[in-house]
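Numbering (the working numbering), first residue to last: 148 to 634. Below: the structure, in structure tokens.
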């Protein structure tokens with residue numbers, strides 16, 4: 148829709164691979180609105196290797212399909228692809244998550260989930276790739292530019308000796324008038340896109356949601372203030388509540404157990420009028436009334452794990468979506484932590500998060516490290532959407548910690564002998580730090596599909612609202628890639 152916000156998914160996937168020759172893995176995947184309703188779009192980019200599939204292309208298409216399946220929103224395929232990129236077929240063709248899984252998802256959506264699928268063949272669609280539109284509900288083709296077939300004219304001649312041109316073999320008129328494979332023939336791409344919009348407008352409306360929605364209010368802070376709030380040094384403290392004020396309606400947060408386990412902020416708020424449960428890591432030192440030493444912000448303690456688990460379970464009971472705002476370095480370690488039962492508390496936290504069936508969104512603000520990243524709805528737990536600010540840092544630990552873990556025993560041994568690390572050891576430690584710093588960068592995660600998108604502060608609130616609206620298309624369980632109805 149004109150003037151509506153759209154969120155591209157996987158824009159940076161493969162940007163640092165293939166000598167920079169496969170931007171976005173040759174496919175555009177996006178969520179947006181068509182006639183006011185949320186939809187997923189998958190569009191091949193034929194300017195890159197004729198839209199041929201790289202291994203990362205498969206990953207992006209599957210991710211887009213999972214968003215459609217989880218949230219029961221229509222998915223539109225704009226097909227213009229030469230099929231498998233043959234030099235990389237080993238990462239495309241075989242395997243559980245190879246190209247065949249696209250067709251598996253097509254079939255599940257069509258037969259069981261009733262997710263509308265509309266495919267427009269707007270260029271080449273050859274070989275196994277032809278099953279993608281064939282497994283959709285509706286196929287559109289464009290006169291003069293569309294071709295769909297298991298083999299093109301050259302392959303047919305080589306295999307059978309038959310001479311035929313592509314238009315006669317598998318063009319728009321052929322599949323609309325002779326084979327009956329296609330359903331609509333359009334004179335040009337503009338008419339094709341207009342027909343898609345019409346078809347989407349005629350689909351049944353989305354379910355009524357149980358989630359509380361009221362009129363939206365503007366955030367307390369302008370989104371651009373995030374540039375001032377977040378420090379240049381990722382180790383420096385800042386006020387997480389001021390971060391929340393940049394996208395929560397009027398900055399209002401009804402905080403849950405506000406005086407307990409303050410290193411974890413839990414509470415309900417509204418984003419675009421939609422009620423959301425907020426779980427955010429506080430950064431900075433936290434004083435304790437008990438007189439014990441202060442706590443480190445960004446660390447999950449036994450008390451904060453139990454507090455958060457209880458809050459998640461409450462939100463799940465009340466059908467309230469969850470937003471995890473990550474700046475977590477991990478779980479606390481040491482004698483006091485172990486004696487307080489942090490393993491059991493951490494397991495409770497993880498189980499509550501993993502089994503919650505409400506929509507789960509993730510925003511990485513700074514650190515996303517260690518088991519704390521897992522507990523805060525890491526990718527392995529199938530959150531509905533994962534966004535990161537450009538400041539996000541995702542990895543098992545920081546570079547300094549990794550260097551210490553790898554070389555610590557060796558350095559301690561040298562110290563006992565009254566020696567210092569030699570130049571080679573120092574150089575190896577520095578290489579570890581540099582490698583970790585490079586791989587912790589948000590762009591590294593985005594290039595590998597570990598986050599759906601890196602969002603700028605200006606677009607953050609719009610992106611969160613669109614993601615929430617997409618999730619509210621269904622009240623069915625938001626758990627796993629999809630949940631089958633009774634069959």
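By construction, the Cβ of each residue, glycine as well, lies at the ideal position given by its N, Cα and C atoms.
8 Å Cβ cutoff met for residue i and residue j
i	j	result
residue 503	residue 463	yes
residue 293	residue 318	yes
residue 455	residue 426	yes
residue 191	residue 215	no
residue 515	residue 557	no
residue 620	residue 185	yes
residue 544	residue 592	no
residue 423	residue 466	no
residue 479	residue 428	no
residue 202	residue 263	no
residue 339	residue 287	yes
residue 205	residue 167	no
residue 617	residue 178	yes
residue 266	residue 224	yes
residue 495	residue 452	yes
residue 583	residue 555	no
residue 403	residue 471	no
residue 589	residue 161	no
residue 239	residue 269	no
residue 368	residue 399	no
residue 358	residue 468	yes
residue 366	residue 395	yes
residue 511	residue 598	yes
residue 444	residue 378	no
Where the beta strand (DSSP E) through residue i begins and ends
i	result
residue 186	184-191
residue 302	Note, residue 302: premise wrong, no beta strand (DSSP E); alpha helix (DSSP H) at 300-307.
residue 421	421-428
residue 287	285-289
residue 180	174-181
residue 294	294-296
Exposure of residue i, with buried meaning 16 or more beta-carbon neighbours within 10 Å
i	result
residue 500	buried
residue 217	buried
residue 150	exposed
residue 430	buried
residue 397	exposed
residue 315	exposed
residue 432	exposed
residue 417	buried
residue 410	buried
residue 482	exposed
residue 183	exposed
residue 608	buried
residue 254	exposed
residue 442	buried
residue 243	exposed
residue 210	buried
residue 232	buried
residue 391	buried
residue 507	buried
Boundaries (first-last residue) of the alpha helix (DSSP H) holding residue i
i	result
residue 610	604-618
residue 500	489-502
residue 375	373-376
residue 408	Here residue 408 belongs to no alpha helix (DSSP H), and DSSP marks it neither H nor E.
residue 390	387-391
residue 317	313-317
residue 161	Looking at the DSSP string, residue 161 is not in any alpha helix (DSSP H), and its letter there is neither H nor E.
residue 592	589-594
residue 280	278-281
Minimum Cβ-Cβ distance from residue i to chain C less than 8 Å
i	result
residue 587	Absent here is chain C; the protein component of the structure consists of one chain.
Practice prompt. Give a yes or no on contact between the segment 532-541 and the segment 598-605, applying the rule of three or more CB pairs nearer than 8 Å.
Written response: With three or more CB-CB distances shorter than 8 Å, the segment 532-541 counts as touching the segment 598-605.
Fill in: Length-filtered (3 minimum) beta strand (DSSP E) runs lying within the segment 322-359
The DSSP assignment places complete beta strand (DSSP E) segments of no fewer than 3 residues inside the segment 322-359 at 331-333, in order along the chain.
Worksheet item: Do three or more CB pairs link the segment 610-622 to the segment 152-168 at distances below 8 Å?
Response: Contact between the segment 610-622 and the segment 152-168 is present, because at least three Cβ pairs lie under 8 Å.
Discussion item. Which runs of the alpha helix (DSSP H) at least 4 residues long sit entirely within the segment 189-275? Give them in chain order.
Written reply: Runs of the alpha helix (DSSP H) inside the segment 189-275: 202-218, 247-255.
Worksheet entry | the segment 317-331 contacting the segment 359-366, beta-carbon criterion three pairs below 8 Å | Result no; under three Cβ-Cβ pairs closer than 8 Å.
Fill in: Inter-stretch contact (C-beta, 8 Å, three-pair minimum) for the segment 177-194 and the segment 227-236
The segment 227-236 and the segment 177-194 touch, with three or more beta-carbon pairs separated by less than 8 Å.
Discussion item. Would the segment 619-626 count as touching the segment 568-582 if we require 3 or more Cβ pairs under 8 Å?
Written reply: Counting Cβ pairs under 8 Å, fewer than three are found: no touch.
Worksheet entry | Length at least 4, wholly inside the segment 447-483: the alpha helix (DSSP H) runs in chain order | Along the segment 447-483, the alpha helix (DSSP H) occurs as fully enclosed runs of 4 or more residues at 449-464, listed in sequence order.
Worksheet item: Are three or more beta carbon pairs between the segment 372-379 and the segment 331-350 nearer than 8 Å?
Response: A contact is defined here as three or more CB-CB pairs under 8 Å, and the segment 372-379 fails this definition with respect to the segment 331-350.
Practice prompt. Tell me, please, whether the segment 240-252 touches the segment 296-311 by the rule of three or more beta-carbon pairs shorter than 8 Å.
Written response: Judged by Cβ distances under 8 Å, the segment 240-252 makes no contact with the segment 296-311, as fewer than three pairs qualify.
Worksheet item: What are the complete alpha helix (DSSP H) segments, minimum 4 residues, inside the segment 516-575?
Response: Inside the segment 516-575, DSSP marks whole alpha helix (DSSP H) runs of 4 or more residues at positions 517-522, 546-563, from first to last along the chain.
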